[in-house]
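Below is one structure, written out as structure tokens, with a few remarks after it.
Protein chains in written order, with UniProt numbering: chain A, 1 to 222; chain B, 1 to 222.
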């Protein structure tokens, strides 16, 4: 499993803690981890022991709160040397960190993934860093955004996939229906073990390398 | 099966409509589209005007219901000639249909994507068809499942991405922070228009082609 240790336990926090943007976001992650993305601001206020109106000093509404959550996750993903390394190298640790960070909050991945990003400076700065590196490295300008979105879609889908059972494509009850799949799943598991990776990590690394290689080749032909 | 009088029943449906697996699944999709994946069986029973116990003749619990929903979507995705065409050709219309089918039910993508698949013969049969084609075409056996999962992760992430605003990476309020991203986003939009595609479709097609090319190349080297 690749989910990061839960950093959002708020036990021991004094009831009189001063309300802050940080504290609201922390409580929102805790709530979303339990309730999924469709929690209400009223429920969040209840968990924080404040009136709903107190939240409005920090976030005008749910969309703005979700944008703040996404911005904070983007900051946690971090830079990975796009200014100093070729984009196709720096993007590998970026994609790994992105999968881990978003995979730690499965209840809200869908809400985060479909949110408009323009309201969050953190996300815009993150994308700008990647776009600048690709541009500097001569990637065709009209392919830069499609390539970033392709990697992001793969990472988001992989974050969801990493929440499925480790042996998810292993036929058991229906093995007689699927001799090829049964053989292939066993071979993949053996290969991952030989690489000392979990199957889900080996699968992610294989797919990520293939996608980046494919994007590089597509960029070279225009 | 028990039907109770209820003023909120859907208009036009006869009061005595026979409960069936099909009808339950249809109501479950309707409910999930509104409520997301965390609806209860009690709410579903209410929408169908039946007692919760009536649902248990068809689905032992929520997991089994979600498995049934996934199985039905998989059937809608359909076969795309894996027995007659090279896997890397047949997978293109399969991936397009998959994105459209799952993208039509965004509220439940996350639940569907993380579900164990072994309980659904439809999904196992679908994966077996692809695994058999890849095996026949000489794809390395230990790479077959990772390649399928990579494409599926990309498709699921793209289905979520296609729900975001069309111009999602277009900096507006924060354009001054992102000159490279602004240029790249405009170029991508112009290119999509020239191809008479929506930007989201052009992005999906570019990423899918790059991923498949990368997976083919990785398979050729073992």
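Beta carbons: idealized from backbone N, C-alpha and C, even for Gly.
Residues of chain A whose Cβ lies closer than 8 Å to the Cβ of residue 203(B) are, in chain order, 145, 146, 149, 150.
Here the alpha carbon of residue 187(B) sits roughly 30 Å from the alpha carbon of residue 76(A). Your pair residue 90(B) and residue 81(B) checks out as a contact, with CB atoms roughly 5 Å apart and the cut at 8 Å.
When DSSP assignments are scanned along the segment 129 to 195 of chain A, the uninterrupted stretches of alpha helix (DSSP H) that are 4 or more residues long and fall wholly within it turn out to be 141 to 161, 179 to 194. When 8 Å is used as the limit between beta carbons, residue 114(B) is near these residues of chain A: 106, 160, 161, 163, 164, in chain order. Shown here, residue 79(A) sits in coil according to DSSP, grouped into three states, outside any helix or strand. Nearest in C-alpha terms to residue 163(B), of all of 101(A), 175(A), 112(A), is 112(A). The contact set of residue 211(B) on chain A, defined by CB atoms closer than 8 Å, consists of 150, 154, 207, 210, 211, 214 in chain order.
One alpha carbon belongs to residue 46(A), the other to residue 27(A), and they sit about 10 Å apart.
For residue 198(A), the secondary structure class from DSSP, reduced to helix, strand or coil, is coil. Relative to residue 54(A), the option among 159(A), 20(A), 103(A), 161(A) whose CA is nearest is 20(A).
In this structure the segment 130 to 137 of chain A touches the segment 180 to 198 of chain B; the number of beta carbon pairs closer than 8 Å is three or more. For a cut-off of 8 Å, the C-beta gap from residue 32(A) to residue 107(A) is around 5 Å, short enough to register as a contact.
Residues of chain B whose Cβ lies closer than 9 Å to the Cβ of residue 217(A) are, in chain order, 210, 213, 214, 217. The segment 142 to 151 of chain A makes contact with the segment 199 to 219 of chain A; the number of CB pairs closer than 8 Å reaches 3 or more.
Counting along the chain, residue 59(B) sits inside no alpha helix (DSSP H), nor does DSSP assign it H or E at all. Between the segment 163 to 177 of chain A and the segment 203 to 213 of chain B there are fewer than three C-beta pairs closer than 8 Å, too few to call the two in contact. Here residue 105(A) is buried, its C-beta having at least 16 other C-beta atoms within 10 Å. Only buried fits residue 70(B), as 16 or more other CB atoms lie within 10 angstroms of its CB.
At least 9 Å separates the beta-carbon of residue 189(A) from that of residue 178(A). Considering only 97(B), 83(B), 110(B), the residue with the shortest C-alpha distance to residue 36(B) is 110(B). No Cβ of chain B is located within less than 9 Å of the beta carbon of residue 198(A). In the structure shown, residue 88(B) adopts helical secondary structure according to DSSP, grouped into three states. A direct Cα-to-Cα measurement between residue 155(B) and residue 156(A) gives close to 10 Å.
In the structure shown, residue 213(B) falls within a helical segment according to DSSP collapsed to helix, strand and coil. Residue 74(B) sits close to residue 122(B), with the two beta carbons spaced by under 9 Å. Not a single C-beta of chain B is nearer than 9 Å to the C-beta of residue 96(A).
Cα atoms of residue 83(B) and residue 129(B): separation of roughly 8 Å, rounded to the nearest angstrom. Using a CB distance below 9 Å, the part of the UniProt domain "HTH tetR-type" (18 to 77) of chain B facing chain A consists of 35, 36, 37, 38, ordered along the chain.
DSSP places residue 26(B) inside the alpha helix (DSSP H), whose first and last residues are 21 to 35. With respect to the C-alpha of residue 127(A), the residue from 68(A), 94(A), 100(A) having the closest C-alpha is 94(A). When the beta-carbon positions are compared, residue 68(B) and residue 215(A) stay at least 9 Å from each other. Assigned with DSSP and collapsed to three states, residue 206(B) falls in helix. With fewer than 16 other CB atoms across the displayed protein chains lying within 10 angstroms of its CB, residue 194(A) is exposed. When C-beta distances to chain B are compared with 8 Å, the residues of the segment 162 to 189 of chain A below that value are 163, 164, 165, 168, 169, 170, 171, 172, 173, 174, 177, 178, 179, 180, 181, 183, 184, 185, 187, 188, in chain order.
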